[in-house]
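J.:
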Amino acid sequence: MPIRPDLQLEKCIDDALRKNDFKPLKTLLQTDICEDVKIKCSKQFFHKVDNLICRELNKEDIHNVSAILVSVGRCGKNISVLGQAGLLTMIKQGLIQKMVAWFEKSKEIIQSQGNSKD
188 MPIRPDLQLE KCIDDALRKN DFKPLKTLLQ TDICEDVKIK CSKQFFHKVD NLICRELNKE
248 DIHNVSAILV SVGRCGKNIS VLGQAGLLTM IKQGLIQKMV AWFEKSKEII QSQGNSKD
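Start counting the sequence shown at 188; every next residue gets the next number (this note's numbering).
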């Protein structure tokens, strides 16, 4: 049975987190689902995203980190967490501070990969 479009983003994040399967998330990025669908997410959604990004940063997989950030960015304005604006809820949960840490770590990885190629 297909996943309802309004639940698809969190399901893709769950698949990536639990099964290390990024195909559904990358497929979601190929569609316009985030444009016209109100995306329902659980209260734990931000923590799942944070855990997944941190894990991928530890593995130095910038491509997966990018896919996660792009999907959340594209769907951000349509995310709803317990009926409230999802982006605002995630900001209250520490999104901005986490993003700074994620980008700093990403920058370090990219710089170290660039230095190792020299």
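Backbone N, C-alpha and C fix where the C-beta goes; we use that ideal spot for every residue, glycine too.
Please confirm whether valine 224 and aspartate 193 have their CB atoms less than 8 Å apart.
T.: Here residue 224 refers to the residue found at position 37 of the sequence shown. Here residue 193 refers to the residue found at position 6 of the sequence shown. Contact: yes.
J.: When the Cβ atoms of the segment 235-253 are set against those of the segment 279-296, are three or more pairs found closer than 8 Å?
T.: yes
J.: Go through its chain and collect everything with a Cβ distance to histidine 256's Cβ below 8 Å, but skip five positions before and after it.
T.: As a first step, residue 256 is located in the sequence shown; it is residue number 69 there, counting from the start. Note that residue 256 is leucine in the sequence shown here, rather than histidine. Correct list, in chain order: Ile240 and Trp289.
J.: Quick one: complete beta strand (DSSP E) runs, 3+ long, within the segment 207-248?
T.: 226-228
J.: Can you tell me whether leucine 244 is buried or exposed, with buried defined as 16 or more other CB within 10 angstroms of its CB?
T.: Counting from one through the sequence shown, the residue named residue 244 turns up at place 57. Its Cβ being crowded by 16 or more others within 10 Å, leucine 244 is buried.
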